[in-house]
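These notes concern the structure reproduced below.
Chains as they are written, first to last, in the working numbering: chain A, 31 to 136; chain B, 22 to 309.
Structure representation (structure tokens):
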């Protein structure tokens, strides 16, 4: 199981970035083992279509789900096409939202 | 001669100046008025043209034949606007993001991408008195005004005195509207916001190498120095001041341009035209 969380910094205690398409980092984590990998979001500085680029990236990383603050309509369409589940959260750190995911609270 | 009217800040009086100039010059010159603010065209409200001709404007849009596609992702790589996304067994096109460059179709190794036309708005043309009038209206929800601005400018008749009313800002549609003009009038107001955006608009005209001059609208002598000092320090001619007057605003609110409502203004706008000609000719001579 691999979850992509939009994050403001590249560690587990970073706050979840409210934006999906233009978040600074994606933390790709396994909620069971809490092992993770951090990647800068290639969509962050896109002139347009940032959400699509970010979604494409998440799909290419074979993530099963995305946790972010907000996911725009284009990104949502792209994530659906890539069969990635989408969860939105209003606040929290990456660690907290992954715990919540694991405990079925999202 | 093509005179563009731009502003930087919105609501400073571009259309007031453009329409005033057109009305005032129409007695002595054949005028073509191009309203290039396709997102919010308003010059027709003041010039009241008969818009008899309507023509849809298309942009190319990629259509993927998924039976030919091998999902290699080349189209996605070449797209600078992220308007096409390729997944394992699916290709998504986002028409609102597509700029119609044709890159995806050109580079597709499977020849799976064709381009079809999509209507993004309507161009309307007609006459207002002895004036030629063209504008276009972007459909709601469309994100790209530039193809419509290009369609309007394609109608340009070099035999006329052409007045181009641009949209606010300094982004692509404004550049497209102003490009190719002989002179650009920059309409501003004596406020810090007016000054800030005027400075951006000046930079734009410099990048386009188009001579420019400033018109202060809602001139209020107490604060005009904010614009005057800027013009002085940058060597930009200040060509006209329109006072902050209830009379002008009253006519505007009834859809009557000041040059129509207050005939004395026609002479002032004709003088503005003379100044524009002097400056643009001087710049042209200097360039030679």
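From the three backbone atoms N, C-alpha and C, an ideal C-beta is built for every residue, glycine too. As the structure is a computational prediction, the values presented were derived from the model and not from experiment.
Item	Value
Under 7 Å by beta carbon: chain E residues contacting residue 108 of chain B	Included in the structure are the protein chains A and B, with no chain E among them.
Residue burial classification, residue 46 of chain B (beta-carbon count within 10 angstroms, cutoff 16)	buried
Beta bridge counterpart(s) of residue 117 of chain A as assigned by DSSP	A:97
Beta carbon of residue 76 of chain B nearer than 8 Å to that of residue 144 of chain B	yes
Meets three-Cβ-pair contact criterion under 8 Å: the stretch 66-84 of chain B and the stretch 142-160 of chain B	yes
Any 3 or more C-beta pairs closer than 8 Å across the stretch 88-102 of chain B and the stretch 149-167 of chain B	no
Proximal chain A residues relative to residue 219 of chain B, where beta-carbon distance stays under 9 Å	Residues of chain A passing the Cβ test: none, with the nearest at roughly 26 Å.
Within chain B, the residues that residue 78 of chain A reaches when beta carbons sit closer than 7 Å	102, 103 and 118
Coil, strand or helix - residue 25 of chain B by DSSP	strand
Selection from B:156, B:267, B:278 and B:27 that minimises the alpha carbon distance to residue 174 of chain B	B:156
Selection of the stretch 26-57 of chain B by Cβ proximity to chain A, strictly under 8 Å	none
Residue 87 of chain B in three-state terms, based on DSSP	coil
Contact with chain B by residue 85 of chain A, beta-carbon distance below 8 Å	yes
Cβ pair residue 86 of chain A, residue 59 of chain A closer than 8 Å	no
C-alpha gap between residue 149 of chain B and residue 80 of chain A, whole angstroms	44 Å
Euclidean distance between Cα positions of residue 34 of chain A and residue 129 of chain A	14 Å
Selected residue, minimal CA-CA separation from residue 269 of chain B, among B:34, B:24 and B:25	B:34
Interface flag, residue 160 of chain B vs chain A, CB-CB below 8 Å	no
Pairwise C-alpha distance: residue 266 of chain B and residue 118 of chain B	43 Å
CB contact below 8 Å: residue 108 of chain A versus chain B	yes
Given 8 Å, three or more beta-carbon pairs between the stretch 243-251 of chain B and the stretch 213-227 of chain B	yes
For residue 76 of chain B, the residue or residues it bridges with in DSSP	B:144
Complete runs of the beta strand (DSSP E) confined to the stretch 128-176 of chain B [at least 3 residues]	134-149 and 152-159
Nearest-angstrom Cβ-Cβ length linking residue 132 of chain B and residue 89 of chain B, presumed shorter than 8 Å	7 Å
The stretch 94-110 of chain A touching the stretch 35-51 of chain A, judged by at least three CB pairs closer than 8 Å	yes
Residues that residue 115 of chain B contacts on chain A, provided the C-beta gap is smaller than 9 Å	79, 82, 104, 107 and 108
Buried/exposed call for residue 106 of chain B, threshold 16 Cβ in 10 Å	buried
CB of residue 42 of chain B within 8 Å of CB of residue 290 of chain B, strictly	yes
Range of the contiguous alpha helix (DSSP H) that encloses residue 295 of chain B	285-308
Members of the stretch 75-99 of chain B near chain A, C-beta cut-off 8 Å	97
Chain-ordered neighbours of residue 278 of chain B on chain A, where CB pairs are closer than 9 Å	Neighbours of residue 278 of chain B on chain A: none; closest Cβ ~37 Å, over 9 Å.
For residue 57 of chain A, the residue or residues it bridges with in DSSP	A:35 and A:68
Residue 56 of chain B - partner residues in DSSP beta bridges	B:156 and B:186
First through last residue of the beta strand (DSSP E) which encompasses residue 235 of chain B	233-240
Contacts around residue 121 of chain B, its chain only, beta-carbon distance under 6 Å, and the 5 residues preceding and following it disregarded	80 and 81
Coarse secondary structure for residue 123 of chain A, derived from DSSP in three states	strand
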